[in-house]
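Right, one structure below, let's go through it.
Here it is, written out as structure tokens:
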């Protein structure tokens, strides 16, 4: 079993703690507006976020572009977070939050 605190950086926990923000985040991820977020929608959203954070467009997040670097994110310890590393962590988030294991997130499954 994954520890929630180890999976989610403090900044994301704080952001999701606000119900209004969690609702907005859910709405943003729910691309087809069906009230559910599939793993594909979830990963597509975080790919867009990664690309937006990548200010110099080199494909990786430098320390000044990403505020939660560390072993969970920078798995190869090269000092930057690649899209692949970022999405691997996001996949663990999705799996941890998908309480019923149906590969779909509902608003009730997101951390409140």
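Residue numbers (mature numbering (1 follows the signal peptide of the UniProt record, and there is no 0)): -22 to -1, 1 to 90. C-beta atoms are modelled at their ideal positions from N, C-alpha and C, and glycine is treated no differently. For clarity, every value in this text was computed on a predicted model and none was experimentally measured.
*Express the C-alpha separation of residue 44 and residue 75 in angstroms, rounding to a whole number.*
Counted from its first residue, the chain shown places residue 75 at position 97. Counted from its first residue, the chain shown places residue 44 at position 66. Each residue's Cα considered, the two are about 23 Å apart.
*Could you check if residue 81 is buried or exposed, using at least 16 other CB atoms within 10 Å of its CB as the buried criterion?*
Locating residue 81 in the chain shown gives position 103, where the first residue counts as 1. Its Cβ having fewer than 16 others within 10 Å, residue 81 is exposed.
*asked:* Taking the beta carbon of residue 27 as the centre, do at least 16 other beta carbons fall within 10 Å, making it buried, or is it exposed?
replied: Residue mapping note: residue 27 aligns to position 49 of the chain shown, counting from 1. Counting Cβ neighbours within 10 Å, residue 27 comes out exposed, since fewer than 16 surround it.
*Coil, strand or helix - residue 73 by DSSP*: Indexing the chain shown from 1 puts residue 73 at position 95. Three-state result, residue 73: helix.
*So what's residue 58 in DSSP terms, helix, strand or just coil?*
Walking along the chain shown from the start, residue 58 turns up at place 80. Here residue 58 sits in coil by DSSP.
*asked:* Considering just the uninterrupted stretch of the alpha helix (DSSP H) at residue 40, what are its terminal residues?
replied: Here the question's residue 40 lines up with position 62 in the chain shown. Premise fails: residue 40 is in no alpha helix (DSSP H) and is neither H nor E.
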